[in-house]
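**Student:** Before anything else, here's the structure in question.
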Amino acid sequence: MSISITFKKLAMCSLSTAAMVTASQGVFAHTRLQVPTILEGARVYNNEVIGHGCHNEVANNTSTPVMGTSVVFPDATATVTSKPAGSASSVAGTPAGNVTDYLAGAGEGYSKKVYSKDLFSDEGQKSNSLGNVVGYWTGGGSLPGINYAGLIPFKTDAITIKPESCANTVTFVVAIADVCTLTNASGFSDETVNLWTPAVGSNFDGPGLHAYNSPATLKVVRNITGTPATLTTAAVAANPLPASCGEGLDITVTPTAEQINRDMPAIDGNGVQVWPQP
Ligand SMILES: [Cu+2]
1 MSISITFKKL AMCSLSTAAM VTASQGVFAH TRLQVPTILE GARVYNNEVI
51 GHGCHNEVAN NTSTPVMGTS VVFPDATATV TSKPAGSASS VAGTPAGNVT
101 DYLAGAGEGY SKKVYSKDLF SDEGQKSNSL GNVVGYWTGG GSLPGINYAG
151 LIPFKTDAIT IKPESCANTV TFVVAIADVC TLTNASGFSD ETVNLWTPAV
201 GSNFDGPGLH AYNSPATLKV VRNITGTPAT LTTAAVAANP LPASCGEGLD
251 ITVTPTAEQI NRDMPAIDGN GVQVWPQP
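Anchor point for the sequence shown: position 29 equals 29 in my numbering, and the numbering is continuous, going up by one each time.
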């Protein structure tokens, strides 16, 4: 692929946020979560939204269909950083301990696939050595690369921010690979895969590719004021910040390279690694 084509493509997609307001949605939309911000303490049914296919060199668009997707949610080994609440995204975070410093429970296993063959014919859930679900894959089918979005349903269980922590928000960085052609890792290109992954030095970083270091995120917001009861849901108690926390912290939880290398491959029910090809 020529440098000018790559440039054009990057320019098109860097315009995506502004362009989506006026242009037809979906054409340039990255793969993200349908509900990217949720309140703590609530189970949420959500979707991975596959925004476009892989690059088609002949048509110079993203019309190559997606045949499957693989997702990794950070587990309790994740890298945790913090910055003052409300900081701009350009502000670098500083190391801030472990996910269990901020979240009640194991700090992993909160996300589960919703079984569905709407889009792809096969699927599997990924668990770590503790038996906690850390992601899923689904494949076998053909999602058109343009003029459609694909929805992959999953749910998150109630996630509780520790009352004694200073976290205002906890943002999970979610690594996603949208596969258009089965290849081994050396075959990764804009024509074969979109790697919506954090650049943490894993085998799935995809340096120079369209989706480089552009992962999806799921932000959990502390329920500082509590929620009154409605006809269908019980009241939720307030979880105020401790006075000593000041304005509080925005926490980011990013899967490690080791976890992504372990959990990104799609392994079928017979134990065969389907993608990437060995
Ligand atoms: Cu894009």
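For glycine and all other residues, C-beta sits at the position ideal for the given N, C-alpha and C.
Just to confirm the assignment, what range does the beta strand (DSSP E) spanning I176 have?
**Tutor:** I176 -> beta strand (DSSP E) spans 167 to 179.
**Student:** Do you know offhand how far P215's Cα is from S244's?
**Tutor:** P215 and S244: Cα-Cα distance of roughly 33 Å.
**Student:** Here's the rule I'm using: 16 or more other beta-carbon atoms within 10 Å means buried, otherwise exposed. How should Q259 be labelled?
**Tutor:** With 16 or more other Cβ atoms within 10 Å, it is buried.
**Student:** Which residues bound the alpha helix (DSSP H) around A257?
**Tutor:** Start and end: 257 to 263.
**Student:** To test your reading of the DSSP string, which unbroken beta strand (DSSP E) runs of 3 or more residues are found completely within the region 183 to 211?
**Tutor:** Taking only runs of at least 3 residues, the beta strand (DSSP E) segments lying wholly in the region 183 to 211 are 193 to 196.
**Student:** Less than 8 Å between the beta carbons of V133 and V253, yes or no?
**Tutor:** Taking 8 Å as the Cβ cut-off, V133 and V253 do not qualify as a contacting pair.
**Student:** For my contact list, V35 and A175 are in at a C-beta cut-off of 8 Å; report their separation, rounded to the angstrom.
**Tutor:** That belief does not hold up - the Cβ atoms of V35 and A175 are roughly 18 Å apart, past 8 Å.
**Student:** Provide the residue span of the beta strand (DSSP E) that contains L249, from first to last.
**Tutor:** Start and end: 249 to 254.
**Student:** Do you know offhand how far N168's Cα is from E57's?
**Tutor:** Cα-Cα distance, rounded: 44 Å.
**Student:** Ordered along the chain, which non-local residues of its own chain (more than five positions away) have a Cβ less than 7 Å from that of T256?
**Tutor:** T77, A78, T79, V200.
**Student:** Using a Cβ-Cβ cut-off of 6 Å (strictly less than) and excluding sequence neighbours within five positions of Y212, which residues of its own chain qualify?
**Tutor:** Excluding sequence neighbours, Y212 sits near G206.
**Student:** Ligand 1 and H210: does the residue's C-beta get closer than 7 Å to at least one heavy atom of that ligand?
**Tutor:** Checking every heavy atom of ligand 1 against the Cβ of H210, one is found closer than 7 Å.
**Student:** Can you name, in chain order, every residue of its own chain whose Cβ lies under 7 Å from the Cβ of S165, other than the five neighbours on each side?
**Tutor:** Cβ neighbours of S165 beyond the five flanking positions: D101, Y102.
**Student:** Is it the case that the Cβ atoms of F154 and G140 are separated by a distance below 8 Å?
**Tutor:** The answer is no: Cβ separation not under 8 Å.
**Student:** Just to confirm, is the Cβ distance from S63 to G145 under 8 Å?
**Tutor:** In this structure, G145 lies closer than 8 Å to S63 by Cβ.
**Student:** Let me check you understand the geometry: is the CB of H30 closer than 7 Å to at least one non-hydrogen atom of ligand 1?
**Tutor:** Yes, ligand 1 has a heavy atom inside 7 Å of this Cβ.
**Student:** Alpha carbon to alpha carbon, how far is L231 from A92? Give it in angstroms, no decimals.
**Tutor:** When rounded, the distance between both Cα atoms is 43 Å.
**Student:** From N223 to P163, what distance separates their C-alpha atoms?
**Tutor:** Straight-line Cα distance between these residues: approximately 10 Å.
**Student:** Report the residue from S90, E123, Y136, D118 whose alpha carbon sits nearest the alpha carbon of Y110.
**Tutor:** The option with the nearest alpha carbon to Y110 is Y136.
**Student:** Using the beta-carbon count (16 or more within 10 Å), is D118 buried or exposed?
**Tutor:** Answer is exposed; the Cβ neighbour count stays below 16.
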